[in-house]
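Before any comments, here is the structure.
Numbering (our numbering), first residue to last: 8 to 530.
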């Protein structure tokens with residue numbers, strides 16, 4: 008009888024434990040769903056609210072269709088590995104049956120939820136379920152303010168493999184880091200240097216415990232990997248490795264300007280929404296506060312996160328002298344937010360668990376972060392193109408054989424929303440896979456910049472004849488700004504401030520059709 012009672016009691020304890028776990032997991036999953044819904048809701052409800060990079064898909068589709076991609080295996084491998092599921096044939100094929108804009112947004116929603124579910128389960132496995140909730144609360148404001156998941160971008164895999172590698176470094180499992188390197192090679196090669204450094208650090212720290220054969224294997228792996236990376240430094244293959252099309256040596260200004268180094272490259276502030284900027288500095292201020300008040304707590308957390316952060320910083324420094332600094336910041340973009348979130352949530356949890364800080368105050372702070380995140384989270388650099396709807400509708404009614412020209416920032420979304428061809432080169436030049444193709448697009452850039460700002464009717468006519476232009480979309484305010492800091496991007500240095508009113512603006516005012524603030528000039 009006593010045995011039966013003990014058995015029933017144990018069964019009840021196990022049942023309650025399972026139910027509590029399920030209830031807590033369900034609570035966290037619901038929280039993940041709600042936060043991602045808030046981040047995506049505006050885009051799902053507003054058809055014209057989207058991320059500008061989706062315009063790149065049109066270019067890839069056209070280039071692929073016209074057989075302009077390199078035919079060699081290596082070029083195509085790097086192309087698909089860096090852009091998996093964003094611009095593949097399968098993705099474009101789905102766009103024929105489902106509205107392309109909504110397809111992008113729905114896949115973004117699914118990928119984002121998937122990542123945070125994986126994140127929760129991984130953190131729960133490393134620590135415990137209560138800590139994982141702390142981590143989720145602190146991670147949403149930063150990670151959902153970035154563009155890492157929008158349009159199922161490959162940067163999703165950068166975060167994923169960085170996170171798994173971090174898990175491997177905490178557990179001391181070099182095999183996990185090696186698997187992440189293989190995964191990154193397939194899906195996101197840009198983070199391979201930082202993962203290799205992380206892998207090398209762990210091998211060196213365990214060198215004395217390794218057998219001789221394994222040491223030889225590790226040496227061969229490292230030599231092969233770094234030879235492979237540095238061989239990519241040839242002029243053409245740099246495009247294939249970094250996928251950003253910028254291969255300048257680091258400038259003197261980048262080295263001497265502390266603001267440029269910290270603000271743009273290390274913290275990557277310019278590439279994220281206002282919320283990211285606010286929260287990253289709040290978290291950093293919090294960590295400074297902990298250093299002053301609870302130095303031992305900070306030290307323990309920093310020691311645990313050191314290898315992961317150090318590996319990215321070291322690879323950043325190495326690559327900083329190989330490539331342009333903004334590219335190197337991609338190495339840190341996967342470590343800095345994660346390490347700051349890990350340290351902030353871990354320190355807060357330890358303060359809460361060890362009763363070093365007022366419990367009520369910690370709960371209030373967490374609640375405020377949760378509530379504020381719901382209302383102000385938005386993806387980085389998403390724009391509302393509703394103000395151009397009338398313009399899109401006008402061109403949608405025209406024949407499909409027209410070719411539109413104008414300032415790249417004015418017509419960048421025309422191919423997506425009107426299904427018409429447009430001479431837009433600003434986004435495309437950043438993703439060229441061949442120097443010949445890049446040279447061709449740079450020629451278009453130069454010609455377009457001159458046509459937009461010239462006062463010569465002959466030069467405009469030559470451009471129209473050369474590129475078969477049928478329509479111009481003129482935004483006088485944008486053209487007259489020239490190299491305004493308000494116009495970030497690759498194209499910024501191509502358009503000078505006109506010394507006088509350009510011919511196109513004069514002609515459009517006389518003969519054009521006015522739609523909103525835009526002037527349409529038909530040839």
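Heads up, the beta-carbon is just placed ideally off N, CA and C, and yes, glycines get one too.
Exposed or buried, which one is residue 438 when buried takes at least 16 other CB atoms within 10 Å? The residue labelled residue 438 in the question sits at position 431 within the chain shown. Residue placement at residue 438 is flagged as unreliable, the pLDDT there being 49, under the threshold of 50; the coordinate-derived value follows with that caveat. Flag for residue 438 reads buried.
If you drop the 5 nearest sequence neighbours on each side, which residues of the same chain put their C-beta closer than 7 Å to that of residue 188? By 1-based counting over the chain shown, the position of residue 188 is 181. Closer than 7 Å at Cβ, skipping near neighbours: 199, 202, 203 and 206.
What's the gap between the Cα of residue 191 and the Cα of residue 181? The residue you call residue 191 lines up with position 184 of the chain shown. The residue you call residue 181 lines up with position 174 of the chain shown. Spanning the two alpha carbons is a distance of roughly 15 Å.
Given that a residue counts as buried once 16 or more other Cβ atoms are within 10 Å of its Cβ, and exposed if not, what is residue 350? As a first step, residue 350 must be located in the chain shown, where it is residue number 343. With 16 or more Cβ atoms within 10 Å of its Cβ, residue 350 is classed as buried.
Cross-strand partners of residue 56 (DSSP beta bridge): Residue 56 sits at position 49 when you count from the first residue of the chain shown. Note: residue 56 sits in a beta bridge opposite 391.
What residues in its chain sit with their C-beta under 7 Å from that of residue 466, if we drop five residues either side in the sequence? As a working note, residue 466 is residue 459 in the chain shown. So the list reads 457 and 458, once near-sequence residues are dropped.
Could you spell out the range, first to last residue, of the beta strand (DSSP E) harbouring residue 301? Taking the first residue of the chain shown as position 1, residue 301 is located at position 294. Looking at the DSSP string, residue 301 is not in any beta strand (DSSP E), and its letter there is neither H nor E.
So residue 486 packs on residue 414, CB below 8 Å; how close in whole Å? Taking the chain shown and counting its residues from 1, the one referred to as residue 486 is at position 479. Taking the chain shown and counting its residues from 1, the one referred to as residue 414 is at position 407. That pair is a contact at about 6 Å.
What first and last residue would you give for the beta strand (DSSP E) that runs through residue 525? Here the question's residue 525 lines up with position 518 in the chain shown. Per DSSP, residue 525 belongs to the beta strand (DSSP E) from 525 to 529.
Three or more C-beta pairs below 8 Å linking the stretch 417 to 426 and the stretch 460 to 479: no
Grouping DSSP H, G and I as helix and E and B as strand, with all else coil, what is residue 472? Indexing the chain shown from 1 puts residue 472 at position 465. Here residue 472 sits in helix by DSSP.
Thinking C-beta only, is residue 474 closer than 8 Å to residue 430? Translated into positions along the chain shown, residue 430 becomes position 423. Translated into positions along the chain shown, residue 474 becomes position 467. For residue 430 and residue 474, yes; Cβs fall inside 8 Å.
For residue 429, write down the residues that DSSP places opposite it in a beta bridge. Against the chain shown, residue 429 aligns to sequence position 422. 411, per the DSSP bridge assignment.
Compute the Euclidean distance between the alpha carbons of residue 31 and residue 136, then round it to the nearest angstrom. Along the chain shown, one-based indexing puts residue 31 at 24. Along the chain shown, one-based indexing puts residue 136 at 129. Spanning the two alpha carbons is a distance of roughly 8 Å.
Where residue 130 falls: helix, strand or coil (DSSP): Looking up residue 130 in the chain shown gives position 123. DSSP places residue 130 in helix when its eight states are reduced to three.
Assign residue 169 to one of two classes, buried (16 or more other C-beta atoms within 10 Å of its C-beta) or exposed (fewer than that). Sequence index remark: in the chain shown, residue 169 carries index 162 (1-based). With 16 or more neighbouring CB atoms inside 10 Å of its own CB, residue 169 falls in the buried class.
Span of the alpha helix (DSSP H), counted from its first residue to its last, around residue 512: Translated into the one-based positions of the chain shown, residue 512 becomes position 505. Residue 512 -> alpha helix (DSSP H) spans 510 to 518.
Three-state class that DSSP yields for residue 480 in the structure shown: If you number the chain shown from 1, residue 480 lands on position 473. Three-state DSSP puts residue 480 in a strand.
Sub-8 Å separation of residue 118 and residue 130 beta-carbons: On the chain shown, position 111 is the one that residue 118 refers to. On the chain shown, position 123 is the one that residue 130 refers to. The answer is no: Cβ separation not under 8 Å.
What would DSSP say about residue 521, mapped onto helix, strand or coil? Here residue 521 is taken as the residue at index 514 of the chain shown, counted from 1. It is a strand residue.
Determine the extent of the alpha helix (DSSP H) in which residue 506 is found, giving its start and end residues. On the chain shown, position 499 is the one that residue 506 refers to. Here residue 506 belongs to no alpha helix (DSSP H), and DSSP marks it neither H nor E.
Is the beta carbon of residue 146 closer than 8 Å to that of residue 47? As a position in the chain shown, residue 47 is number 40, starting the count at 1. As a position in the chain shown, residue 146 is number 139, starting the count at 1. No.
Kindly indicate which residue of 301, 344 and 404 has the alpha-carbon position closest to the one of residue 357. Along the chain shown, read from residue 1 onward, the residue named residue 357 stands at position 350. The shortest Cα separation from residue 357 among 301, 344 and 404 belongs to 301.
Sorted by chain position, which residues of the same chain lie with C-beta nearer than 6 Å to residue 344's C-beta, five sequence neighbours on each side aside? Walking along the chain shown from the start, residue 344 turns up at place 337. Same-chain partners within the cutoff: 149.
Assigned secondary structure, residue 451 (DSSP; H/G/I helix, E/B strand, else coil): Looking up residue 451 in the chain shown gives position 444. DSSP, read as helix, strand or coil, puts residue 451 in helix.
Reducing DSSP to helix, strand and coil, say where residue 485 ends up. Taking the chain shown and counting its residues from 1, the one referred to as residue 485 is at position 478. Here residue 485 carries a helix assignment [DSSP, helix/strand/coil].
Residue from 287, 121 and 505 with nearest C-alpha to residue 44: By 1-based counting over the chain shown, the position of residue 44 is 37. Nearest to residue 44 by alpha-carbon distance, out of 287, 121 and 505, is 121.
Name the two residues that bound the continuous alpha helix (DSSP H) containing residue 349. Residue numbering aside, residue 349 sits at position 342 when the chain shown is read from its first letter. That run of the alpha helix (DSSP H) goes 343 to 360.
Run through DSSP, which three-state label would residue 179 get? Residue numbering aside, residue 179 sits at position 172 when the chain shown is read from its first letter. In this structure, residue 179 counts as coil in the three-state DSSP scheme.
So, helix, strand or coil for residue 3, using DSSP? The displayed coordinates of the chain run from 8 to 530. Any statement about residue 3 would go beyond what the structure contains.
Whole angstroms is fine: what's the gap from residue 210's alpha carbon to residue 381's? On the chain shown, position 203 is the one that residue 210 refers to. On the chain shown, position 374 is the one that residue 381 refers to. Distance between the alpha carbons of residue 210 and residue 381 is about 43 Å.
Give me the Cα-Cα distance between residue 406 and residue 502, rounded to the nearest whole angstrom. One-based indexing of the chain shown puts residue 406 at position 399. One-based indexing of the chain shown puts residue 502 at position 495. Approximately 30 Å, taken between the alpha carbons.
Count the other CB atoms, across all protein chains shown, that sit within 10 Å of the CB of residue 105; report buried if there are 16 or more and exposed otherwise. Here the question's residue 105 lines up with position 98 in the chain shown. Here residue 105 is exposed, its C-beta having fewer than 16 other C-beta atoms within 10 Å.
Could you give the C-beta distance for residue 477 and residue 396, rounded to a whole number, given that I count them as a contact under 8 Å? Start at 1 with the first residue of the chain shown, and residue 477 comes out as number 470. Start at 1 with the first residue of the chain shown, and residue 396 comes out as number 389. Residue 477 to residue 396, Cβ: 21 Å. No contact.
Mark residue 299 as exposed unless 16 or more other C-beta atoms lie within 10 angstroms of its C-beta, in which case mark it buried. Within the chain shown, residue 299 is the residue found at index 292, counting from 1. Flag for residue 299 reads exposed.
Could you check where the alpha helix (DSSP H) with residue 398 kicks off and where it finishes? Here residue 398 refers to the residue found at position 391 when the chain shown is read from its first residue. That run of the alpha helix (DSSP H) goes 396 to 403.
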